[in-house]
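Below: the structure, in structure tokens.
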Amino acid sequence: MAGGGGHVLVLHGKRQCGELFEQRIARTCKSIHRDLDLEFHFPDAPFELPIEDGDDIPMRSWWNDSSTQAWTTTLQQLDEFLRQRGVPALSGIFGFSQGGALAALLACNREHISQQSDAYPTLAAALASVKFIAIAGAPHDHLPTTPASPHGILSPDKQCSVPSLHFIGTADVVVAPQSSEKLAQAFHHATVYRHDKAHVFPSRSEEVAALSAFVRAALSDNDGDVDSGEVIADGDGDGDKAAEPPRPFSPTEEQQDELESLEAIYDTDFQLLQQRPPMITITLHPSISNDVDDDDDDDDTSAKDTRAHLQPALTVTFVEAYPDAAPVMQLSHVGPLVGVKDGSDVERQLAADAIAHLSTVAKDALGMCMVMTLVDEAQQWLEQLHADVTSGAKDLTALTACLQATSISSSSSSTTKTKQQRGGSAHSSSAPSWSSVHSNDAVQSRRAAVARMMDTGGDEDEDEEEQRKWSLFIRQLHREVAAAYPAGHAPAYSVPDTTSSSSSSTNGSSGGGGGGGGAQQQQQQQHGGSDAGVWKYTIGLVGKPSAGKSTFFNAITDPKDPSKAAKVAAYSFTTIDPNVGQGYFTTPCPSEQLPGVESTPAHGFAIGRRRKVPVIIKDVAGLVPGAYKGRGKGNAFLNDLCDADVLIHVVDASGMSDENGVIDAQCSRDPADDVQWVQEEIHRWIFNNVRAKWNKCLRGLDHFVNMFSGYQSRPGMVIDSLKRAGHSLQDIERSMLAWGPRDLHRVVAHFLRIRFPILLALNKADKTLDYVDAVRATFPNDLVVPMCAKLEWQLCTLRRKGLVDYQTGGSGAVVLKKDPPTTKKEEELMSNVHKAVDLLHTLASSEHLQGSGVLAVIDTAVHQLRPPLLVYPVTSFETMQSPVVAADASPAPASSTTASAKGSNSTTTTTSTKSTTSRARAAPANVLAHCLLLRPATTVGGVYEILKGSPLHALAGDFVRAEYYDMATREGRQVRRTQVVTPARHILRIMTTKKRTHAS
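Residue numbering for the sequence shown follows full-length UniProt numbering, starting at 1 and increasing by one per position.
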């Protein structure tokens, strides 16, 4: 394939800059980079324009007048840019608007610039190899004075020989279409693409395909023999030379589910090319050895050179009726696999043979999600092809002669190629034929597999001894699974490094760029797939009745109105509908590392000047043994946990209540027993739900993955659970046919560990601490934190009444009322006050507790089980002031009025500090006020979208650049939009073309 790592200079338009333009055409460049292996470079124009109202930084222009000096300045800027980037040669130039006119001037003045190589040595050398230019919305006038534009107008008298592609919008009101057409007349090999849009660079799939085809042809055509004046497409549909793409449509829910599953399964091998209609590319990895003998002709050298880095790939485009209709398929880079030049006639014929085979497979799989099947079949076909060529069973030399004899020339158009690949040609007789898991024979296999899965597993209809055996198996399984994970931590997933890019801008690579690829690779994300964006962090409270969950809920949410508190009583099922409220975890404030900076957190401080960050707390009804079967209040309680990110199992550590939550002072129950059966209940809830639909699971891996979507899991979590359970994805659909209950139990155990990490909160520590060490010894790989929720709730209540001075998380409290009581009621009240304060001091002196332990429970669960990314947006590194947010917004993921489900007891929680909005308006006190709670894979661009979007509306305009505050150097360093934000780069300043202002 043409390309081979070439370089393209991309020139932005007037009143833009290199980085901004790079962001706007990122998808176009990514598509062409993937297809042609080209690297893009985005310089800044030399002339700054006056800053417009609301801009953070000045925009730029390639010339400020029509003088020769303006032209000289621009050439000097480009020469220095290419020298700094180490670009020895350019394959081509892209340009938009004024940048498009500059691209035309560079091509038309190439000979003149080469004569001035002493003044512009790097630029002159780079232009000498230019094979094409592609420009959009470019004017022919108002140009600087150059040999090709002596009067500021590009002259058509001496046509340029460089092949050119001109995108002209019929609705363009910035640059008249007639002006762009006149510029095209200055080129001998001009190709015009008219579209119905306005002043834009190509971005639609058909436009990008045309651009890619043009570049490919220009790079492949060494003689520069390109037809002149060809109109390759018309945006209004009148063009008849472009291949007709599938009609745009939004993907169905089933199609979207399959796309998400495919992304999780194939990870970096998966690329979504477009959304409407869905078009994806999956890189193939056939199991072969590189032992194909190459012929000694010149073409083989190219094949050897490209084989190392061009992997075969299957491109699939959904049609609207998919999966009831077969998708459109295209197979690329087959040639290098067998020593054939990529893009040659032989390779195209081999690809057509493969597509014909895949089309047959697709017909057998109609009605079912089939992309995974097609990928597997494509890889097997390639493996067989390689084996046939290696053994001599398939003679490529004979195939080449046959193609030549039938006049299949190497100049076949991309349209003809596409039609071949859509199934028009019969495949070779040597093409292998394999059975599919979706064949008719598989129906009986699936029925047998379902019967095997449903045969046993510890159901209520089995005898007591059988159920006991399965219970022991599940509990032992969880101990084994727990040992496979880091102690006290949920398993983490590496975030793909997004710093490597096919493009580089003026400020993108050195010094301020921040590098950071290694740091990003080490950054952990806790969910599979694309886990980024605002995190509405939810903590679910589970446990048996009367363990103290509702008391703990009240203590951590601290409702100001006692009537809004969750009901607390010493009997089962006090809670029916879930209590949902806003609580807080705490984190060190960045201001502690910034001398002279006094932060004003929107939600205030806790003990030790740790700032409070809001999260959602959800208290579900107590569980009893057999809840997964509907016992007690049924598994509806378990369903209330689906949106929880972590679980806190509130355990009655006093041992004074039975498994049903009945309080008995004479009871002496081991808390470890409660830990095990509650874990088993949640396990069986998931296991039974999946097993009940086992027939659907067997339709394919994507269906199995979707079975877990109801738990708000990401596909990557299920995939990782399979891998950790010892299953290979290579042939998972066939292996699942042989699964029994134990196989599914093992996958569910890993899934539960990944999706619902649990902290054990040993409550009622004021009664006894005897069980703490025993529970930790029984569950060495779990987090165990003792607490006294009742004490914390008492202290919160007394603080609200003004009787004690107490800071959440503290190890001490001060009695404020000094006067002796005058009534019996006051005497009882003050007695309770002193008892609570004395108990706090006693517990704090224990080696097991931190104060009441309640804040330690929340902090440990958040920071160790599933740590979020905390980002502090600022407008200035000097003042560290936060941006102003909209009047009705709070940057916290949980709003100050807490989330609630239908029928739930919704608790409204406020704070004693001023509201977020009040603080934001009270500049200059608005210092590090806002803390965004985000998912760990969030990029800088993602933070920009969050700040710009609803409900914050803290930014406006286009993203220009971003910087993070380097704590070590005490200065700002540039960070690219595509980089994942890390904890070391959590103070961000994002600059845009417009500022957001709010009326006071």
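Where is the CB? At the ideal position from N, CA and C, for every residue including glycine.
Put simply, the backbone Cα of residue 118 is about 56 Å away from that of residue 951. Note on residue 68: under 16 other CB atoms within 10 angstroms of its CB, so exposed under the neighbour-count rule.
Beyond the five residues adjoining it in sequence on each side, residue 789 comes within less than 7 Å, by CB distance, of 548, 551, 552, 555, 763, 854 in the same chain, given in chain order. Nearest Cα to residue 930 within the set 991, 605, 783: 605. Counting along the chain, residue 609 sits inside no beta strand (DSSP E), nor does DSSP assign it H or E at all.
Taking each of 787, 721, 580 in turn and checking the Cα distance to residue 654, the smallest one comes out for 787. Put simply, the backbone Cα of residue 926 is about 56 Å away from that of residue 163. Burial check for residue 618: the Cβ neighbour count within 10 Å reaches 16 or more, so the residue is buried.
Bounds of the alpha helix (DSSP H) holding residue 940 are 940–948. Relative to residue 372, the option among 477, 733, 534 whose CA is nearest is 733. As computed with DSSP, residue 7 is found in a beta bridge with 39. Per the Cβ contact rule, the stretch 151–169 is in contact with the stretch 184–200 (3 or more Cβ pairs under 8 Å).
By the CB criterion at 8 Å, residue 105 and residue 155 fall outside the cutoff. When DSSP assignments are scanned along the stretch 128–209, the uninterrupted stretches of beta strand (DSSP E) that are 3 or more residues long and fall wholly within it turn out to be 132–136, 164–169, 190–195. Each residue's CA atom was taken as its position, placing residue 600 and residue 947 some 19 Å apart. Cβ neighbours of residue 61 within its own chain (closer than 6 Å, five residues either side excluded): 14, 45, 47, 49. Separation of residue 560 and residue 597 (C-alpha to C-alpha, rounded to the nearest whole angstrom) is 31 Å. Within the same chain, Cβ atoms closer than 6 Å to the Cβ of residue 71 are found at 144, 146, the five residues on either side in sequence being excluded. Non-local beta-carbon contacts of residue 58 in its own chain, meaning distances under 8 Å to residues more than five positions away in sequence, involve 48, 49, 50, 51 in chain order. Per DSSP, the unbroken beta strand (DSSP E) holding residue 317 starts and ends at 313–317.
Taking 8 Å as the cut-off, the Cβ atoms of residue 616 and residue 538 count as close.
DSSP places residue 850 outside both helix and strand once states are collapsed to three, so it counts as coil.
Distance between residue 978 and residue 208, taken at the CA atoms: about 22 Å.
Between the beta-carbon of residue 587 and that of residue 610 there is about 6 Å, and that keeps the pair under the 8 Å contact cut. For residue 745, the uninterrupted alpha helix (DSSP H) run begins and ends at 741–755, by DSSP. Under the DSSP assignment, residue 706 falls in the alpha helix (DSSP H) whose first and last residues are 701–706. From the listed residues 478, 775, 212, the smallest Cα separation to residue 8 is found for 212. Going by beta carbons, residue 744 and residue 453 fall inside the 8 Å limit. The three-state reading of DSSP puts residue 961 in strand, counting E and B together.
Taking a 10 Å sphere around the C-beta of residue 268, we find fewer than 16 other C-beta atoms and assign the residue as exposed.
Here the C-alpha atom of residue 258 lies approximately 12 Å from the C-alpha atom of residue 272. Taking all protein chains shown into account, residue 464 has fewer than 16 neighbouring C-beta atoms within 10 Å of its C-beta and is therefore exposed. According to the DSSP assignment, residue 280 belongs to the beta strand (DSSP E) that extends over 279–283. Remark: three or more beta-carbon pairs, one from each stretch, lie closer than 8 Å, so the stretch 698–709 and the stretch 718–731 are flagged as touching.
Residue burial is scored here from C-beta neighbours: residue 680 has at least 16 other C-beta atoms within 10 angstroms and is therefore classed as buried. Using a C-beta cut-off of 8 Å, the stretch 117–135 makes no contact with the stretch 33–44, since fewer than three inter-stretch Cβ pairs fall below that distance.
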